[in-house]
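If you're matching them up, the sequences are chains A and B in order. This note's numbering applies: residue 250 is where the first sequence begins, and numbers increase by one. This note's numbering applies: residue 250 is where the second sequence begins, and numbers increase by one.
2 protein chains.
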Amino acid sequence: MSTYTPTVEDLIDKLATLPGVGKKTAARLALHILRSSQDEAQALARSILRVKERVGLCQICFNIAEGDQCVICRNSQRDRSVLCVVEDPNDLISVEATGVFKGLYHVLHGAIAPLDGVGPQELKIAELLERLERDKVVEVIIATNPTVEGDATALYLAKVIKPLGIMVTRIAQGVPAGGDIEYVDSRTMSRSLEGRKEV
Amino acid sequence: MSTYTPTVEDLIDKLATLPGVGKKTAARLALHILRSSQDEAQALARSILRVKERVGLCQICFNIAEGDQCVICRNSQRDRSVLCVVEDPNDLISVEATGVFKGLYHVLHGAIAPLDGVGPQELKIAELLERLERDKVVEVIIATNPTVEGDATALYLAKVIKPLGIMVTRIAQGVPAGGDIEYVDSRTMSRSLEGRKEV
Chain A
250 MSTYTPTVED
260 LIDKLATLPG
270 VGKKTAARLA
280 LHILRSSQDE
290 AQALARSILR
300 VKERVGLCQI
310 CFNIAEGDQC
320 VICRNSQRDR
330 SVLCVVEDPN
340 DLISVEATGV
350 FKGLYHVLHG
360 AIAPLDGVGP
370 QELKIAELLE
380 RLERDKVVEV
390 IIATNPTVEG
400 DATALYLAKV
410 IKPLGIMVTR
420 IAQGVPAGGD
430 IEYVDSRTMS
440 RSLEGRKEV
Chain B
250 MSTYTPTVED
260 LIDKLATLPG
270 VGKKTAARLA
280 LHILRSSQDE
290 AQALARSILR
300 VKERVGLCQI
310 CFNIAEGDQC
320 VICRNSQRDR
330 SVLCVVEDPN
340 DLISVEATGV
350 FKGLYHVLHG
360 AIAPLDGVGP
370 QELKIAELLE
380 RLERDKVVEV
390 IIATNPTVEG
400 DATALYLAKV
410 IKPLGIMVTR
420 IAQGVPAGGD
430 IEYVDSRTMS
440 RSLEGRKEV
């Protein structure tokens, strides 16, 4: 692929470091940037720099925040007695989108994955435990991903939180709303059967 | 999705203007940028700006170039009597990757698509015709995409180039190498049958 110019190759290499972006996609994105106006490209570059300058993590829940605390922790209307634990800020957005949860969050920034060298100390778990000892929390809802890593993280959290006398729950796993039973994988179906409820 | 901070929302909006990047992907990319080091983010932003500063289009073939001419047009070893016409610089890379083509290129920057308001005058076709009148070209190989738009563009080019006494060819369409006949779509198969050759 030496037909690109060095400057373009460099941009392609940089873009290819983004998650889910391979060399081919990076080349397509680079070409788009090349074709866009000077203003658009500058706006994108400035936006990247500004995010790094202004945005950090909430010092309470580790959600993304401008300033010390995120919008959720700053909101005095939220129920401080319930914490929802998620792996990533984007997971928090999913829970928030339901409008159902009125408590606060705690973002772990990953899940326990021994094979990738991610243990509890690589996550914001010590900070969660400190928080639980400091604040009056009555329930911790674990909303880690329904994956091997998410499951392991949930089990670990339950083990360390229950001794504090706090209720630990996990969001239900089962058939997705609007899904077709015919196409549900067997792992989801078995979780769905296990979690069945009387109607 | 108002849980992001304004600065993050702005970056997500900017990233979502890239081709093939939706809101969800943009959010994932923004999160990655947030988590990357200051150096990495700056390198990406600088790379975007540098491309816009330094890279333009070749004044001969409209491939991407640093300076007036692209590396291919500058190469005196290339056969100047054969032009390969492609829609995009990335298509040129595909042809170049074969190592088989030794001629020059002409990049149209799109294909004729009346429904999207793209006519011949929106493409680098006038420039191609000027070039054909100026240089001693004996064959124009059309390598536009095997799509409705690519086909329309090929037909249009053949119509306007043939009167100049220049041979116009189009790259073969058929079963892809390594492909499985069982899974070839009927349009590809019918093109493949039409283009059959004696062995």
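C-beta: ideal position from N, C-alpha, C; glycine also.
Identify the contact partners of residue i in chain A, using a Cβ-Cβ distance below 7 Å as the criterion.
{"i": "His281 (chain B)", "result": "Leu267 and Pro268"}
{"i": "Gln287 (chain B)", "result": "Lys301"}
Between the C-alpha atoms of residue i and residue j, what's the straight-line distance to the nearest angstrom?
{"i": "Val356 (chain B)", "j": "Arg303 (chain A)", "result": "41 Å"}
{"i": "Met250 (chain B)", "j": "Val433 (chain B)", "result": "In this predicted model, Met250 (chain B) has a pLDDT of only 43, less than 50, meaning its place in the structure is not dependable; the value taken from the coordinates is given anyway. Distance between the alpha carbons of Met250 (chain B) and Val433 (chain B) is about 42 Å."}
{"i": "Gly348 (chain B)", "j": "Arg327 (chain B)", "result": "12 Å"}
{"i": "Pro395 (chain A)", "j": "Gln422 (chain A)", "result": "7 Å"}
{"i": "Leu341 (chain A)", "j": "Gln291 (chain B)", "result": "27 Å"}
{"i": "Met438 (chain B)", "j": "Asp262 (chain A)", "result": "37 Å"}
{"i": "Asp365 (chain A)", "j": "Glu315 (chain B)", "result": "42 Å"}
{"i": "Ala407 (chain B)", "j": "Phe350 (chain B)", "result": "20 Å"}
{"i": "Leu280 (chain B)", "j": "Val417 (chain A)", "result": "28 Å"}
{"i": "Gly427 (chain A)", "j": "Thr402 (chain A)", "result": "28 Å"}
{"i": "Ser325 (chain A)", "j": "Gly305 (chain A)", "result": "21 Å"}
{"i": "Gly271 (chain B)", "j": "Leu283 (chain B)", "result": "18 Å"}
{"i": "Val367 (chain B)", "j": "Gln287 (chain A)", "result": "23 Å"}
{"i": "Lys301 (chain A)", "j": "Ile420 (chain A)", "result": "33 Å"}
{"i": "Asp317 (chain B)", "j": "Arg329 (chain B)", "result": "18 Å"}
Take residue i as the anchor and find which of the options has the nearest alpha-carbon.
{"i": "Ile410 (chain B)", "options": "B:Val397, B:Ile361 and B:Val386", "result": "B:Val386"}
{"i": "Glu398 (chain A)", "options": "A:Ser441, A:Gly444 and A:Val335", "result": "A:Val335"}
{"i": "Tyr405 (chain B)", "options": "B:Glu376, B:Leu377, B:Pro369 and B:Glu379", "result": "B:Pro369"}
{"i": "Ser296 (chain A)", "options": "B:Val257, B:Ala265 and B:Gly269", "result": "B:Val257"}
{"i": "Ser285 (chain B)", "options": "A:Lys272, A:Leu278, A:Leu264 and A:Ala275", "result": "A:Leu264"}
{"i": "Val331 (chain A)", "options": "A:Leu381, A:Glu289, A:Glu371 and A:Val448", "result": "A:Leu381"}
{"i": "Phe311 (chain B)", "options": "B:Ala360, B:Thr402, B:Ala392 and B:Lys373", "result": "B:Lys373"}
{"i": "Tyr253 (chain B)", "options": "A:Arg299, A:Ile430, A:His281 and A:Pro338", "result": "A:Pro338"}
{"i": "Glu345 (chain B)", "options": "B:His358, B:Gly366 and B:Cys322", "result": "B:Cys322"}
{"i": "Ile361 (chain A)", "options": "A:Glu371, A:Arg299 and A:Gly414", "result": "A:Glu371"}
{"i": "Arg299 (chain B)", "options": "A:Val448, A:Val270 and A:Leu293", "result": "A:Leu293"}
{"i": "Lys273 (chain A)", "options": "B:Gly269, B:Ala275 and B:Ala276", "result": "B:Gly269"}
{"i": "Ile390 (chain B)", "options": "B:Val367, B:Glu376, B:Ala401 and B:Ile415", "result": "B:Ile415"}
{"i": "Lys446 (chain A)", "options": "A:Val424, A:Arg436, A:Glu431 and A:Thr266", "result": "A:Val424"}
{"i": "Glu376 (chain A)", "options": "A:Tyr354, A:Gln287 and A:Glu289", "result": "A:Tyr354"}
{"i": "His358 (chain B)", "options": "B:Glu443, B:Glu388, B:Cys307 and B:Thr266", "result": "B:Cys307"}
Is residue i close to chain B, meaning its C-beta is less than 8 Å from at least one C-beta of that chain?
{"i": "Glu371 (chain A)", "result": "no"}
{"i": "Glu258 (chain A)", "result": "no"}
{"i": "Asn324 (chain A)", "result": "no"}
{"i": "Ala421 (chain A)", "result": "no"}
{"i": "Lys411 (chain A)", "result": "no"}
{"i": "Lys408 (chain A)", "result": "no"}
Residues of chain B with a CB under 7 Å from the CB of residue i: which are they?
{"i": "Val248 (chain A)", "result": "An answer regarding residue 248 (chain A) cannot be provided, because it is not within the stretch 250 to 448 covered by chain A."}
Any beta-carbon of chain A closer than 8 Å to the one on residue i?
{"i": "Ala276 (chain B)", "result": "yes"}
{"i": "Lys446 (chain B)", "result": "no"}
{"i": "Lys385 (chain B)", "result": "no"}
List the residues of chain B whose Cβ lies closer than 9 Å to the Cβ of residue i, in chain order.
{"i": "Glu336 (chain A)", "result": "Within 9 Å Cβ-Cβ: nothing; Glu336 (chain A) doesn't reach chain B, min ~11 Å."}
Going along chain A, which residues have a C-beta under 9 Å from residue i?
{"i": "Glu315 (chain B)", "result": "Thr254, Pro255, Thr256 and Val257"}
Listing by chain order, which chain A residues have their CB less than 8 Å from the CB of residue i?
{"i": "Lys272 (chain B)", "result": "By Cβ distance, chain A contributes nothing, its closest Cβ being about 11 Å from Lys272 (chain B), past 8 Å."}
Verify the CB distance criterion: does residue i have a CB-CB separation below 8 Å to chain E?
{"i": "Lys272 (chain A)", "result": "The question asks about chain E, but that chain is absent: this structure's protein chains are A and B."}
*Just by C-beta distance, which residues in the segment 289-311 of chain A are closer than 7 Å to chain B?*
Ala290, Gln291, Ala292, Leu293, Ala294, Ser296, Ile297, Leu298, Arg299, Val300, Lys301, Arg303 and Val304
*Between the segment 388-403 of chain B and chain A, which residues of the former have CB atoms less than 7 Å from a CB of the latter, in chain order?*
none
_Members of the segment 351-380 of chain A near chain B, C-beta cut-off 9 Å_ = His358
*Of the residues that make up the segment 338-350 of chain A, which ones have a beta carbon closer than 9 Å to any beta carbon in chain B?*
Pro338, Asn339, Leu341, Ile342, Glu345 and Ala346
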